[in-house]
Amino acid sequence: MRREFLTHLEEHPADGMWRACADGHITASAAVLDASRSRILLTLHSKIKAWLQLGGHCEPADATLAGAALREATEESGIPDLRPLPGPVQLDRHRVNCHPAGTWHLDVQYVMIAPEGARPAISDESDDLAWFPVDALPQDTDDALRRLVTRATRAR
0 MRREFLTHLE EHPADGMWRA CADGHITASA AVLDASRSRI LLTLHSKIKA WLQLGGHCEP
60 ADATLAGAAL REATEESGIP DLRPLPGPVQ LDRHRVNCHP AGTWHLDVQY VMIAPEGARP
120 AISDESDDLA WFPVDALPQD TDDALRRLVT RATRAR
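Read in order, the letters of the sequence shown correspond to residues 0 to 155 in numbering that gives the first Met the number 0.
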């Protein structure tokens with residue numbers, strides 16, 4: 000999958016990072032774990048109506064993908080001082096409806112650790128936020144998110 004992401008950027012040097020690229024674009028997301036790493040914070044996405052990790056589109060001010068993931072996770076969780084772990088833990092490609100004909104998110108996924116006692120605050124992009132035990136995710140959780148949770152809990 001890494002090769003696919005790099006090929007996408009080679010084929011779309013001007014816009015491959017941005018939502019405007021109709022063929023797909025890079026996004027950044029984060030598995031936000033509590034300080035004990037026993038729970039993950041998920042958002043009930045207002046458009047998709049599913050529980051997902053936090054994240055989204057890159058913005059011009061984002062210096063790195065890790066920075067984009069941290070910005071998105073902070074904005075969507077309302078939790079300051081998230082601690083990013085080094086490097087992405089997973090790449091995921093999924094179909095979305097950012098364009099009328101649909102497109103692809105090429106998602107680079109990171110892990111963020113919330114400070115002890117962190118309390119999330121719902122943003123405009125979410126219908127709900129909730130901590131879930133990493134071994135008791137919502138029933139309709141897709142395989143990609145389950146893999147992300149497994150990798151996130153093993154990351155150091």
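C-beta: ideal position from N, C-alpha, C; glycine also.
Small disclaimer: the values here were computed from a predicted structure and weren't measured.
Problem set entry | For E71 and D61, the rounded distance between their alpha carbons | 10 Å
For this session: From the DSSP output, in three-state form, read off D142 for me.
Result: helix
Problem set entry | Secondary structure, beta strand (DSSP E): runs of 3+ residues fully inside the stretch 78-143 | 89-95, 102-112, 125-132
Exercise. In chain order, what residues of the same chain have a beta carbon less than 8 Å from the beta carbon of G101, not counting five sequence neighbours either side?
Worked result: R94, V95
Exercise. When the Cα atoms are used, what is the spatial distance from R82 to A113?
Worked result: 6 Å
For this session: With DSSP as the reference, label R36 as helix, strand or coil.
Result: coil
Exercise. In the structure shown, what three-state DSSP assignment does T42 receive?
Worked result: strand
For this session: Use the C-beta contact count for D33: other C-beta atoms within 10 angstroms, 16 or more gives buried, fewer gives exposed.
Result: buried
Exercise. Should L128 go down as buried or exposed, given a rule of 16 or more other Cβ atoms within 10 Å for buried?
Worked result: buried
Exercise. Looking at C-alpha atoms only, which residue of R118, D134, M111, D91 is the closest neighbour of A143?
Worked result: D91
Problem set entry | Own chain, CB closer than 7 Å to L43, minus 5 neighbours either side, in chain order | W50, S125, D126, D127
Exercise. Taking C-alpha atoms, which residue in E75, E58, P85, K46 lies nearest to A120?
Worked result: E75
Problem set entry | Beta-carbon proximity check, S28 vs L53, cutoff 9 Å | yes
Problem set entry | T26 classed as buried or exposed, judged by whether at least 16 other C-beta atoms fall within 10 angstroms | buried
Exercise. Taking C-alpha atoms, which residue in D106, P79, V148, G77 lies nearest to W17?
Worked result: D106
Problem set entry | Sequence-distant residues of its chain with Cβ nearer than 8 Å to K48 (five each side left out) | D126
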